[in-house]
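Residue numbers (our numbering): 22 to 166. Here is the structure we will look at.
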């Protein structure tokens, strides 16, 4: 299992409440681009439209820019492959005030690409300062040892 993209900023900005694993519906050239490490998850989120879930605002640049269709959108919405029960749970979380659905990482499981998503609550500035302080004290302890 190799990780192709990681959204490390999410763990600093949000408190993760529950994690899910889903498949992504991609075109062949997008798969090659992701496996080449060109995926950018920064600023992306998951939206529920009707009874389907979509990854929105994730950038997957063209694998071969000169050989790509003229109507290709690198930031287009990509369908996520989840069960109905999971989509309903995510829909309820999306409607709840203060909760959002964010992608964590993209990895392969066998020959398939998988996306880890999470229901998360945004952290306040105070919580972020505490996390920085905790991280700094841990570094100091490791240095002294």
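C-beta atoms are modelled at their ideal positions from N, C-alpha and C, and glycine is treated no differently. It should be emphasised that the depicted structure is a prediction, and the values quoted were computed from it without experimental measurement.
Collapsed DSSP secondary structure at residue i in the structure displayed
i: residue 81; result: coil
i: residue 60; result: coil
i: residue 86; result: helix
Range covered by the beta strand (DSSP E) that runs through residue i
i: residue 37; result: 35-45
i: residue 68; result: 66-70
i: residue 137; result: 133-143
i: residue 55; result: Unbroken run through residue 55 is the alpha helix (DSSP H), 49-56; no beta strand (DSSP E).
i: residue 26; result: 24-27
i: residue 99; result: 99-102
i: residue 126; result: 120-130
Rounded straight-line distance, which links the Cα of residue j to that of residue i
i: residue 71; j: residue 85; result: 33 Å
i: residue 117; j: residue 148; result: 21 Å
i: residue 106; j: residue 74; result: 12 Å
i: residue 54; j: residue 165; result: 43 Å
i: residue 78; j: residue 156; result: 30 Å
Continuous alpha helix (DSSP H) stretch holding residue i: start and end
i: residue 113; result: 105-116
i: residue 158; result: 146-165
### Any 3 or more C-beta pairs closer than 8 Å across the region 105-124 and the region 24-40
yes
### Query
Is it true that the region 144-161 meets the region 92-103, where meeting means three or more beta-carbon pairs spaced less than 8 Å apart?
no
### Task
May I ask you to verify whether the region 139-146 touches the region 49-60, counting CB pairs closer than 8 Å and requiring at least 3?
no
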